[in-house]
Structure formats: C-alpha cells, structure tokens
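Some notes on the structure that comes next.
Protein chains: 2
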Amino acid sequence: MTIAKNAKPASRPRGRPRAFDRDEALAKAAETFWRLGYEGASIADLTAVMGITPQSLYSAFTSKADLYREALQWYQDHVGASTVAALAEGDAVIALTRLLSEAAEEFTKKGRPHGCMISTAVLTCATENEPVARHVSDLRGATLALIRARVERGIDEGQLSPGTDPEALARFVGAMIQGMSVQAQDGASKAALLALARHAVTEIERHRA
Amino acid sequence: MTIAKNAKPASRPRGRPRAFDRDEALAKAAETFWRLGYEGASIADLTAVMGITPQSLYSAFTSKADLYREALQWYQDHVGASTVAALAEGDAVIALTRLLSEAAEEFTKKGRPHGCMISTAVLTCATENEPVARHVSDLRGATLALIRARVERGIDEGQLSPGTDPEALARFVGAMIQGMSVQAQDGASKAALLALARHAVTEIERHRA
DNA sequence: ATATTTCCAGAGTGACCATTGCGAAAAATG
DNA sequence: CATTTTTCGCAATGGTCACTCTGGAAATAT
C-alpha cells in the first residue's frame, strides 16, 4: 500500500493552492521594477500591478529585495535571451554586430519600458540598498565577461586579429549597450540607436583578422 | 548723504547673517546626491553632510528637488567645466578625443564618487519624481546637442568629412560617456576606461576629412 | 465527513520620509 | 541701548515605507 511513499515526485502540497499564477505575477513585477527602478517601485505599486495583497506577495517572495532578484532573473530568461542567442553566432564580428542591433531593437520595443533593466539599474542608491546595487553590478560584470569570452574565442578561431585587446573591446561594446540603454530611456528612437551602433560596428569590423 | 541709496551694490541684509557658507554646503550636497542619487539621498543624509539643520536647508534651498537642481548646476560649473573646455578645442577630432579621455580621468578621480552625476542619473524613479527625472534627461539632451554642434562645426570647417552624420556621431560619443559612467560606478579603473575610449577615438578619427 | 493545511482580506506595526511651527539667539540698524 | 530682521535648534507634522499579526474561508488529504 504505502510502498511508494517517498517515490512520488510531484506531490501536491496539502493545503489550499495559490490563487494567482506565480510566473505571471513575476512578469508584472519585473516590468514595474524595470520602469520605476528598485527604489522607485513601492510594495503598493507592485501589489497593485500584480493584483495581489502584500501578504500574498510576501508569502510567495520573501522580501522586496528577493522579489527584485527574481524579477531580474525573469528578465534575463525572457528578454535577455536574445543577447545570449546573438553571442552564440559562429562568427565573432557577426555576433557582436547582432548583439548591438538587437539591443537597439529590444530597448525601444513598444508596450514596455525602454532601455535595459540591468545595464543601467541601481547605479546609485540609499546605503541600506547597497547589497541590491552590488547584485545588479555583478550581473553587468557577468555580461562583460561573456562578451570578453566571445572576443577571445573569436581571436582563437581566427576571426579577430591577434592584436585585439579582449578586455578593452568587451568594455567598448558593453559601454555601447549601456549608453544605448540610457538614450532609449531618454526617448531615443530605434533608428537613432541603430545609427549610433553602426559606428561601433565599424570599429569592431576593423579588428577582423 | 543718501544719494547712493539704491546704488549700493552689495547691501548686507538687515538680520542675522547665515552661519554656514552656501556654496560650501551646496558642494557637499552635490557630492551626496552624486553618490546616493536623488531618491537615495535623504534630507537626513544631506543635513548631516552639510552640517546644518533641516530648516536651515529649507530656508536656503526651497525643497529637495530645488536643492538637487542647484547641485546639478554646481556640478556642471565645477566638474563639467572640463567638458566645455575640451569641446572648445580648435580641431573637432582633438576636441572629441579630449572629451573622452577627460571623462575617463574625471570619472575615476579619488576622493569623490565615480562616474558622472548627470550622464546616468535618475533613469528610473517613483512617479512623483518624474519632473526631476525629466530635468536631468534634458541636461543630457543639452550635452548631446553640444557635441552635435561641435561635430557640425567640424564638418563646416573641413576637419570632418562631409559625409559624417552629426546626430549619429554625437549620439555615439554620448553613449560612450554614458557607458563609461556606468562602468566607473561599477569600479572600472581609469586605465580600463581609457582603453575602451581608444576604440571610440579610432572610430572618430576615421571621419577626419 | 473530518482534519489539516494554506491562502487571503483588513488592519495595523514601528520607522523613516520630506517638510514645517515655534521660540530663542544673534547680528545689523536706528 | 532698543528695535528689527533673520537664522537656527528642538520637536513634531501627516504620510508613506516595507512588512506582519489575526482570523476566517477554502481546498486538499484522509
């Protein structure tokens, strides 16, 4: 009878199930943080957008900081996925070019906040929020490392000239994305971002082997 | 005797003079806003750093938003002065080059916050602070216009090739500065910023007439 | 059914937010 | 010296902050 007691893989919890969809709520929260920032989005704002009460929020996500971290993860998984896809391109120059043109595309999509949720987030904050700022800063650092790794692979595979400085070129591309995020938040059009990105692309192409 | 009644240029006010130096207090306030951001710096933080009480602050500056605006002006006058100086350079390419290398210098100076106080400030905020965000955004727009004007002058004077798109090149340079500000706030060294700026300079030089 | 577990609604927690009234102290004018 | 004018220190304003206590309803397992 009770042989497979612990073998049941997805045992439903005993009590009343959650009334709202966690992922859906997270998506709404992410967009609110994206638009207002970590300090600018209050719990009242979040619960209103998510359509739940504070204690539902706190039972599903343990704190505002934790909810923000999950929202950032959601953003990386859903919106930032195209970044990873662009870098997976076989040729390094094409990869970086796609990275920039897709940034221009993503940063100006209608029906959602402009700019990047990570590139230019929590650059300054109250002292009590410094851990959160450090977390986002680390995410930016990870992206820079990703770009740098792609550049190094490009050098190894002979697509980029051996004299290329991976650190400098990665920071250059990263700065372009960050600057595009700022200008997108200031209302720059997709065309304007593409035009400025073209300058960066020209510089990248100069390093083709 | 009372001939020069209204001619007196600097008539001291009648009452008790202010106990603190206004400019000095403003400088301290600017640095606090610079480090913590508009939303991150509380009145308590500001009064502590400025060494005055709240009502002294409110009598000298009318509100937090107004104090912030004055702090931004102070920043432009004192720190941003080098930007204007760089753009005054006779040759457009040299002007833009100086602009970027001095940004690398200014953004990593010891003894004060890293990054730019304007380039990457108040990108997101609570809805009630949107007027402040718009103000800073306008300042960024003005800087972009300044760079663009310098590019146009460079084309007119024959230093830059006639095919140069002033809008795109100005946005490109602006994005570099904004990106450098982000990375400086994330802890990038002056050398790292100079290295990435060199990529931008190469692209600028490509437009030499 | 009954028992058990969890969710959700209203209201409220102390703490901190930007901002201010009040009265005393201080400096300049007459 | 007396008057005027202004600053400044203490304390407090209502409001919002992130966060939670309590109680009853709801949905599962037994």
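Going line by line, the protein sequences match chains A and B.
Using the working numbering, you'd call the opening residue of the first sequence number 1 and step up by one each time.
Using the working numbering, you'd call the opening residue of the second sequence number 210 and step up by one each time.
Here a beta-carbon is modelled for each residue, glycine too, at the ideal position from N, C-alpha and C.
Where residue i and residue j are concerned, what is the direct C-alpha to C-alpha distance, given to the nearest angstrom?
{"i": "residue 88 of chain A", "j": "residue 100 of chain A", "result": "14 Å"}
{"i": "residue 332 of chain B", "j": "residue 121 of chain A", "result": "8 Å"}
{"i": "residue 262 of chain B", "j": "residue 128 of chain A", "result": "23 Å"}
{"i": "residue 295 of chain B", "j": "residue 258 of chain B", "result": "32 Å"}
{"i": "residue 189 of chain A", "j": "residue 197 of chain A", "result": "12 Å"}
{"i": "residue 401 of chain B", "j": "residue 285 of chain B", "result": "25 Å"}
{"i": "residue 138 of chain A", "j": "residue 148 of chain A", "result": "15 Å"}
{"i": "residue 382 of chain B", "j": "residue 179 of chain A", "result": "9 Å"}
{"i": "residue 125 of chain A", "j": "residue 28 of chain A", "result": "23 Å"}
{"i": "residue 305 of chain B", "j": "residue 413 of chain B", "result": "8 Å"}
{"i": "residue 268 of chain B", "j": "residue 231 of chain B", "result": "11 Å"}
{"i": "residue 340 of chain B", "j": "residue 396 of chain B", "result": "30 Å"}
{"i": "residue 288 of chain B", "j": "residue 68 of chain A", "result": "34 Å"}
{"i": "residue 243 of chain B", "j": "residue 345 of chain B", "result": "12 Å"}
{"i": "residue 153 of chain A", "j": "residue 235 of chain B", "result": "50 Å"}
{"i": "residue 64 of chain A", "j": "residue 349 of chain B", "result": "31 Å"}
{"i": "residue 343 of chain B", "j": "residue 185 of chain A", "result": "11 Å"}
{"i": "residue 301 of chain B", "j": "residue 375 of chain B", "result": "12 Å"}
{"i": "residue 365 of chain B", "j": "residue 314 of chain B", "result": "30 Å"}
{"i": "residue 40 of chain A", "j": "residue 103 of chain A", "result": "24 Å"}
{"i": "residue 83 of chain A", "j": "residue 415 of chain B", "result": "28 Å"}
{"i": "residue 107 of chain A", "j": "residue 260 of chain B", "result": "42 Å"}
{"i": "residue 307 of chain B", "j": "residue 352 of chain B", "result": "15 Å"}
{"i": "residue 282 of chain B", "j": "residue 270 of chain B", "result": "13 Å"}
{"i": "residue 322 of chain B", "j": "residue 417 of chain B", "result": "35 Å"}
Please check if any C-beta of chain B sits within less than 9 Å of the C-beta of residue i.
{"i": "residue 159 of chain A", "result": "no"}
{"i": "residue 172 of chain A", "result": "yes"}
{"i": "residue 169 of chain A", "result": "yes"}
{"i": "residue 76 of chain A", "result": "no"}
{"i": "residue 46 of chain A", "result": "no"}
{"i": "residue 50 of chain A", "result": "no"}
{"i": "residue 96 of chain A", "result": "no"}
{"i": "residue 55 of chain A", "result": "no"}
{"i": "residue 18 of chain A", "result": "no"}
{"i": "residue 42 of chain A", "result": "yes"}
{"i": "residue 142 of chain A", "result": "no"}
{"i": "residue 105 of chain A", "result": "no"}
{"i": "residue 62 of chain A", "result": "no"}
{"i": "residue 101 of chain A", "result": "no"}
{"i": "residue 108 of chain A", "result": "no"}
{"i": "residue 111 of chain A", "result": "no"}
{"i": "residue 208 of chain A", "result": "no"}
{"i": "residue 65 of chain A", "result": "no"}
{"i": "residue 203 of chain A", "result": "yes"}
{"i": "residue 195 of chain A", "result": "yes"}
Would you call residue i buried or exposed, if buried means 16 or more other Cβ atoms sit within 10 Å of its Cβ?
{"i": "residue 199 of chain A", "result": "buried"}
{"i": "residue 240 of chain B", "result": "buried"}
{"i": "residue 370 of chain B", "result": "exposed"}
{"i": "residue 367 of chain B", "result": "exposed"}
{"i": "residue 43 of chain A", "result": "exposed"}
{"i": "residue 24 of chain A", "result": "exposed"}
{"i": "residue 290 of chain B", "result": "exposed"}
{"i": "residue 410 of chain B", "result": "buried"}
{"i": "residue 183 of chain A", "result": "buried"}
{"i": "residue 55 of chain A", "result": "exposed"}
{"i": "residue 360 of chain B", "result": "buried"}
{"i": "residue 228 of chain B", "result": "exposed"}
{"i": "residue 16 of chain A", "result": "exposed"}
{"i": "residue 373 of chain B", "result": "buried"}
Quick one: does residue i have its CB under 9 Å from some CB of chain A?
{"i": "residue 282 of chain B", "result": "no"}
{"i": "residue 292 of chain B", "result": "no"}
{"i": "residue 409 of chain B", "result": "yes"}
{"i": "residue 401 of chain B", "result": "yes"}
{"i": "residue 328 of chain B", "result": "yes"}
{"i": "residue 364 of chain B", "result": "no"}
{"i": "residue 360 of chain B", "result": "no"}
{"i": "residue 333 of chain B", "result": "yes"}
{"i": "residue 245 of chain B", "result": "yes"}
{"i": "residue 384 of chain B", "result": "yes"}
{"i": "residue 296 of chain B", "result": "no"}
{"i": "residue 268 of chain B", "result": "no"}
{"i": "residue 341 of chain B", "result": "no"}
{"i": "residue 395 of chain B", "result": "yes"}
Rounded C-beta distance between residue i and residue j? I'm assuming under 8 Å.
{"i": "residue 377 of chain B", "j": "residue 195 of chain A", "result": "4 Å"}
{"i": "residue 47 of chain A", "j": "residue 57 of chain A", "result": "6 Å"}
{"i": "residue 390 of chain B", "j": "residue 320 of chain B", "result": "Not a contact, Cβ separation roughly 18 Å."}
{"i": "residue 385 of chain B", "j": "residue 175 of chain A", "result": "6 Å"}
Just list the alpha helix (DSSP H) runs in the segment 68–142 of chain A, keeping only unbroken ones of 4 residues or longer that don't cross its boundaries, in chain order.
81–87 and 92–106
Which whole runs of the alpha helix (DSSP H) in the segment 151–187 of chain A are 4 residues long or more, in chain order?
166–185
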